[in-house]
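Working notes for the structure below.
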Amino acid sequence: MIKPKVLNELVNKATAEFNVQAIFVANRDGQILSISGNAKNTLVSNISILFGDCQEIGKFLLNDEMNLQYMFAELENLQTIISNFENLFYVGIISNDPKTGILVQYMKKLHQYIEQIK
Numbered sequence: 030m031i032k033p034k035v036l037n038e039l040v041n042k043a044t045a046e047f048n049v050q051a052i053f054v055a056n057r058d059g060q061i062l063s064i065s066g067n068a069k070n071t072l073v074s075n076i077s078i079l080f081g082d083c084q085e086i087g088k089f090l091l092n093d094e095m096n097l098q099y100m101f102a103e104l105e106n107l108q109t110i111i112s113n114f115e116n117l118f119y120v121g122i123i124s125n126d127p128k129t130g131i132l133v134q135y136m137k138k139l140h141q142y143i144e145q146i147k
């Protein structure tokens, strides 16, 4: 089990390293477990709404049995990539950079970081 303090430190470090607006970790029901970045205050409610509106679709699309690895959304004109981490929780990166390829690379690196602390 990942300790909350260690997860928060990792999320803060990755947000600064990737130079993105926010990174969040949410449980399978969309409840925020950790969030960092300068956009976190305004985005928490929008992230919760996104999970509420897309809960069934998200659970279906981002489970380990599907080949789909990422879900993309736009929140307040910011690009958002969400992925499933080993069916334990969802990880999201929010950026003003519209290049999805860069966001996918950041997500892969974030998964590696989480793997190291679990």
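Numbering-wise (my numbering), the sequence shown opens with residue 30 and increments by one.
Ideal placement from N, C-alpha and C gives every residue a C-beta, glycine not left out.
Across which residues does DSSP place residue i in a beta bridge pair?
i    : result
M100 : I111
A55  : I61, Y119
Could you name the residues of the same chain whose beta carbon sits closer than 8 Å to that of residue i, not counting the 5 residues immediately before and after it, in chain order?
i    : result
M136 : Y99, I110, S112, V120, I122
Counting only the same chain and skipping the five closest in sequence on each side, list residues whose C-beta sits under 6 Å from that of residue i.
i    : result
P127 : Q108
V35  : I146
Can residue i and residue j be called in contact, C-beta distance under 8 Å?
i    : j    : result
F118 : A55  : yes
L39  : I146 : yes
F53  : I64  : yes
Q159 : N125 : The structure shown has nothing for residue 159, since the chain only spans 30 to 147.
F101 : I143 : no
Quick one: residues in its chain with C-beta nearer than 7 Å to the C-beta of residue i, no 5 flanking neighbours on either side, listed in chain order?
i   : result
I31 : I146, K147
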